[in-house]
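A.B. asks: Below is one structure. I have some questions about it.
Number of protein chains: 4
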Amino acid sequence: MGLASYRRSVSETKRAAILKAARENFLKGGYSRAAMAEIARDADVSTATLYKHFSSKDALFTAIVQDAYTGTEGSLYTDITGLSARDVLRNIGRTYMRQQFDGQMNALLRIVIAEVPSAPQLARDAYQNGVLARYDQIRQVIEELVARGDLKPHNLHDGARHLGGMVKEFVVWPALFTPDFQKPDDIDAKIDACIDAYLKIYGAESAVARPREKEIGT
Amino acid sequence: MGLASYRRSVSETKRAAILKAARENFLKGGYSRAAMAEIARDADVSTATLYKHFSSKDALFTAIVQDAYTGTEGSLYTDITGLSARDVLRNIGRTYMRQQFDGQMNALLRIVIAEVPSAPQLARDAYQNGVLARYDQIRQVIEELVARGDLKPHNLHDGARHLGGMVKEFVVWPALFTPDFQKPDDIDAKIDACIDAYLKIYGAESAVARPREKEIGT
Amino acid sequence: MGLASYRRSVSETKRAAILKAARENFLKGGYSRAAMAEIARDADVSTATLYKHFSSKDALFTAIVQDAYTGTEGSLYTDITGLSARDVLRNIGRTYMRQQFDGQMNALLRIVIAEVPSAPQLARDAYQNGVLARYDQIRQVIEELVARGDLKPHNLHDGARHLGGMVKEFVVWPALFTPDFQKPDDIDAKIDACIDAYLKIYGAESAVARPREKEIGT
Amino acid sequence: MGLASYRRSVSETKRAAILKAARENFLKGGYSRAAMAEIARDADVSTATLYKHFSSKDALFTAIVQDAYTGTEGSLYTDITGLSARDVLRNIGRTYMRQQFDGQMNALLRIVIAEVPSAPQLARDAYQNGVLARYDQIRQVIEELVARGDLKPHNLHDGARHLGGMVKEFVVWPALFTPDFQKPDDIDAKIDACIDAYLKIYGAESAVARPREKEIGT
DNA sequence: CATGAATGAGTATTCATTCAT
DNA sequence: AATGAATGAATACTCATTCAT
């Protein structure tokens, strides 16, 4: 049993090393340019060991993508107690941005998108578990804000997407087209403007009253 | 003269055939999986002829992408005379969708995004000429709507992106993750909801008054 | 007739242009790297015209090589009247060097040598007409010098090669291994030393007496 | 350990097979005409294995050339004790010829020369290590002969080249132009004549006295 | 269980030569 | 006679995957 568990831990260490090396290689040049031999070398294992852990390049890539959205990145869900609707949404925005930028999620996204024709199921999973799941987390928070009377009742699913769409336009969309895209300096202001816009649409009268016009204005 | 023009016409026929075959092949499996030999075969030319027309795989791909956004004949610009703000925006939305779906622009976008690490300039061009240029067309229309008093004065550039972001969330984003993504049945309603949201944010009081609450609400 | 001769002159102009362009291209990177299409372009003719004049790449190369040694480079033969043996040999040396360096003969030699396995006949011809023929010219001069009593009677053929071998060691041999080899500054002195050595071997007593020891010495 | 040494031995066997096959292929038609695929086939390995051992065609060719002049085990240096100057030089001549003819050095030389424009460094190395290094070995022997009083003091470097130049004229030069050049029957006599000539130039009086005139003469 | 050498099919690109106009 | 577009075979090099040790 001691031996077995030792072996298991060694094996898991190697698995982790492989995943790390693979991730780096895939991010560097996309799926096609990543070479199994180089991944093995970077992970300090033989190619045979690599194939023991992941039966094919495809399987390895899938594992990386799934790791990315089941990773410990945490949920977007936020406790709303004691916070204004605006501050709650700001918190969500901050967390979203962290998730997007810290783990090179944008770069990973590019590769998933690239592989849609050859790995449609993977993309579907990523969309479900990466995109829609996060919208659901936002929806939960919005639901509570509606219940508290901060937001008007509305189609919560679409509402979350309206907010998300606006934010993505500044955070995700340009990142998809730019290698090593960095957070712009004015990104917080841009996100605040999106939140203000969102509150204009869906905020209860009392909640909307507060922000000063100029924050959105010309 | 007869010879020269004959040759030119033959040459242009072949060029078109190559572009068509190349487009199909690139769309089928992305940049890496497209094989120059197969493109040549599909276009009924020899590989040498293919290379006479396009000096490299990269050049061929670039040509296709540039064709895609210069080929999008219609601008998003719309004459606002006699139309309500809502109708103007609806027109823009329809045109946008047509551009996005008719020419497999989404599929092409995937490949451009995929190639960001290895062809950043191409992506930059595509973003400038494909994304930002269209925003500018929208901005012009918005400007006129503001001048006419339909919309409140606001940061037009960001305003256009707020609208665009919301729409893309339903039209473009899921398409990136789905092979052969088709227009959903309720897409017009979704876009209308985005427009309503936009008018809530930026519409002048008189303009916002009109829409019925239920169009946005649950 | 006027027309015919006009045509002939046009044709010969083109032929010359082709030969020139071909020569440059072959010299640049050797036989394999020279491309018929580029030669045609450089000569301002179509590939078809190029093939009208020379039926194949091989034929073109052969023509160039033959041009090189039937070229107007002149013979090594020198009138000995009124000149000492040493001065006669010096003249020959000067001419030899001019031939070798002015026309990029060394570079051409490299290509001929390179193509020995695939064009042995060409190399044989070049050796006969380029190397041995020149030895024969030298032999004639030496014969006259022997007749005049300046040189001892000896195997004239081998004698000429002894002299030639020594000179080549400084002039040709390093040039074969060096791209764009230039005449070294001390080349005249080196050649004089070879001539002195030659006269030591084959000079009649009276002729050898003259040079001062130090010219050969340590 | 057993595994490692087994692998090493297998690997070295393959490496040797590759070198042999490559050598043959390069010698057959020069650098350009040798095809990596055919070399691999001749060596009974896959192209991939070929590339494991030699990272490029260039690297493979370089390895062959370097093998050629480091493989020439015997130096030209000869112990002079108890031998006349003439016999010492004869020994050197014999060794030189063996080196030149046994290993197809002449054929290899052709290819190196051919590749001067595209691989100048290789040619430079070959000249340094193949040509000049041997001259230096000869120079050492000559130095001892001078010290012993067999030869007059002279510029040893040039002296060695005078001798070498004369010999090459008969041994190397025609070989460059002739595929499968074989030692001519009278080659020993030719070399002896060169040595005699050399001793006429640089031999001390006592040493020169001995040879019979007819050996050089007509 | 781990290794890394070996595989062979696959890829972009080039080039001498031909032929319809 | 002259053109230049078209050909198709050839070539160096890569890579996911397997297997003998």
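Chains as they are written, first to last, in my numbering: chain A, 1 to 218; chain B, 1001 to 1218; chain C, 2001 to 2218; chain D, 3001 to 3218. Backbone N, C-alpha and C fix where the C-beta goes; we use that ideal spot for every residue, glycine too. Everything numeric in this text was worked out from a predicted model, so none of it was measured.
Taking GLU38 (chain A) as part of the alpha helix (DSSP H), name the residues at either end of that continuous run.
C.D. replies: That run of the alpha helix (DSSP H) goes 36-42.
A.B. asks: So which residues on chain A does PHE1177 (chain B) lean against when the C-beta distance must stay under 8 Å?
C.D. replies: Under the 8 Å cutoff, chain A gives VAL112, ILE113, VAL116, ALA123, ARG124, ALA126, TYR127 and VAL131.
A.B. asks: Please state whether DSSP places LEU1108 (chain B) in a helix, a strand or coil.
C.D. replies: LEU1108 (chain B) falls in the helix class under three-state DSSP.
A.B. asks: My guess is that LEU1076 (chain B) and ARG1134 (chain B) are in contact by the Cβ rule of under 8 Å, so how many angstroms apart are they, rounded?
C.D. replies: Yes, they are in contact, since the Cβ atoms of LEU1076 (chain B) and ARG1134 (chain B) sit about 5 Å apart, within 8 Å.
A.B. asks: Check whether the Cβ of ARG2161 (chain C) lies closer than 8 Å to any Cβ atom in chain D.
C.D. replies: Yes, because at least one Cβ of chain D sits closer than 8 Å to the Cβ of ARG2161 (chain C).
A.B. asks: Using DSSP bridges, identify the partner residues of LEU151 (chain A).
C.D. replies: Looking at the DSSP assignment, LEU151 (chain A) forms a beta bridge with A:GLY203.
A.B. asks: Going along chain B in order, which residues have a C-beta closer than 8 Å to the C-beta of MET166 (chain A)?
C.D. replies: Result: ARG1161, HIS1162, GLY1165 and MET1166.
A.B. asks: Strictly below 8 Å CB to CB, what residues from chain D border GLU2169 (chain C)?
C.D. replies: Near GLU2169 (chain C) (Cβ distances below 8 Å), the residues of chain D are ARG3161, HIS3162, GLY3164, GLY3165 and LYS3168.
A.B. asks: If you reduce the DSSP assignment to three classes, tell me which class GLY2217 (chain C) lands in.
C.D. replies: In this prediction, GLY2217 (chain C) scores a pLDDT of 39, lower than 50, which makes its location untrustworthy; no coordinate-derived value is stated.
A.B. asks: Can you list, in chain order, the stretches of the alpha helix (DSSP H) that have 4 or more residues and sit fully within the region 2160-2187 of chain C?
C.D. replies: List check, alpha helix (DSSP H) in window: 2173-2177.
A.B. asks: Which residue comes first and which comes last in the alpha helix (DSSP H) that contains TYR2096 (chain C)?
C.D. replies: It spans 2085-2102 - the alpha helix (DSSP H) in which TYR2096 (chain C) sits, taken as one unbroken run.
A.B. asks: Looking at chain D, is there any beta carbon in it that lies within less than 8 Å of the beta carbon of ILE2064 (chain C)?
C.D. replies: ILE2064 (chain C) does not count as touching chain D.
A.B. asks: Along chain D, in chain order, which residues have C-beta atoms closer than 7 Å to that of ALA2193 (chain C)?
C.D. replies: Per Cβ cutoff of 7 Å: ASP3158.
A.B. asks: Measure the C-alpha to C-alpha separation of PHE3101 (chain D) and VAL3131 (chain D) and round it to an integer number of angstroms.
C.D. replies: So the alpha carbons of these two residues sit roughly 15 Å apart.
A.B. asks: Taking SER1046 (chain B) as the reference, give the member of B:GLY1030, B:SER1009 and B:ARG1015 with the closest Cα.
C.D. replies: The option with the nearest alpha carbon to SER1046 (chain B) is B:ARG1015.
A.B. asks: Straight-line CA distance for GLN182 (chain A) to ASN91 (chain A)?
C.D. replies: Rounded to whole angstroms, GLN182 (chain A) to ASN91 (chain A) spans 20 Å at the Cα level.
A.B. asks: Beta-carbon of ILE2201 (chain C) versus every beta-carbon of chain D: anything under 8 Å?
C.D. replies: It does: the Cβ of ILE2201 (chain C) has a partner Cβ on chain D nearer than 8 Å.
A.B. asks: I want to verify the contact list: residues of chain D whose CB lies under 8 Å from the CB of PRO2120 (chain C), in sequence order.
C.D. replies: In chain order: THR3178 and PRO3179.
A.B. asks: Taking buried to mean at least 16 other C-beta atoms within 10 Å of its own C-beta, is ARG2023 (chain C) buried or exposed?
C.D. replies: When all chains shown are included, ARG2023 (chain C) counts as buried.
A.B. asks: State yes or no: is the beta carbon of THR2028 (chain C) nearer than 8 Å to at least one beta carbon in chain D?
C.D. replies: One detail in the question is off: residue 2028 (chain C) reads as Lys in this sequence, not Thr. Yes, because at least one Cβ of chain D sits closer than 8 Å to the Cβ of LYS2028 (chain C).
A.B. asks: Could you check whether the region 1113-1133 of chain B touches the region 156-170 of chain A, counting it as contact only if at least three pairs of C-beta atoms, one from each stretch, sit closer than 8 Å?
C.D. replies: These segments do not touch.
A.B. asks: Using the beta-carbon count (16 or more within 10 Å), is ALA1021 (chain B) buried or exposed?
C.D. replies: The residue in question, ALA1021 (chain B), is buried, as its Cβ has 16 or more Cβ neighbours within 10 Å.
A.B. asks: Can the beta-carbon of LEU176 (chain A) be found less than 8 Å from the beta-carbon of LEU109 (chain A)?
C.D. replies: Taking 8 Å as the Cβ cut-off, LEU176 (chain A) and LEU109 (chain A) qualify as a contacting pair.
A.B. asks: Do THR81 (chain A) and VAL141 (chain A) count as a contact pair if the criterion is CB distance below 8 Å?
C.D. replies: Contact flag unset, no.
A.B. asks: I want to see whether chain A comes within less than 8 Å of PRO1174 (chain B), judged by CB atoms only; does it?
C.D. replies: Taking Cβ atoms only, chain A reaches closer than 8 Å to PRO1174 (chain B), which makes this a yes.
A.B. asks: Just the chain C side, please: which residues come within less than 9 Å of ARG3033 (chain D) by C-beta, in chain order?
C.D. replies: SER2032, PRO2117 and SER2118, listed in chain order.
A.B. asks: Under 8 Å, Cβ to Cβ, is there at least one residue of chain C near ALA3197 (chain D)?
C.D. replies: Yes, because at least one Cβ of chain C sits closer than 8 Å to the Cβ of ALA3197 (chain D).
A.B. asks: Is the region 185-193 of chain A close to the region 1187-1195 of chain B, with three or more CB pairs under 8 Å?
C.D. replies: The region 185-193 of chain A vs the region 1187-1195 of chain B: no contact.
A.B. asks: Near PRO174 (chain A), what residues of its chain come up, given a Cβ to Cβ distance below 7 Å and the 5 sequence neighbours on each side ignored?
C.D. replies: So the list reads PHE181, once near-sequence residues are dropped.
A.B. asks: Report the three-state DSSP secondary structure of PHE3026 (chain D) (helix, strand or coil).
C.D. replies: Looking at PHE3026 (chain D) - three-state DSSP - the assignment turns out to be helix.
A.B. asks: Could you check which residue in B:TYR1006, B:ASP1058, B:ASN1025 and B:TYR1051 has the C-alpha nearest to that of ALA1123 (chain B)?
C.D. replies: Of the candidates B:TYR1006, B:ASP1058, B:ASN1025 and B:TYR1051, the one whose C-alpha sits nearest the C-alpha of ALA1123 (chain B) is B:ASP1058.
A.B. asks: Tell me the DSSP secondary structure of GLY1130 (chain B) in three-state form.
C.D. replies: In this structure, GLY1130 (chain B) counts as helix in the three-state DSSP scheme.
A.B. asks: So, with DSSP's three-state summary, where would you put LEU2122 (chain C)?
C.D. replies: In this structure, LEU2122 (chain C) counts as helix in the three-state DSSP scheme.
A.B. asks: Where does ILE80 (chain A) fall in DSSP's three states?
C.D. replies: Coil.
A.B. asks: Could you give the residue range of the alpha helix (DSSP H) that holds VAL2065 (chain C)?
C.D. replies: Run containing VAL2065 (chain C): 2057-2070, per the alpha helix (DSSP H) assignment.
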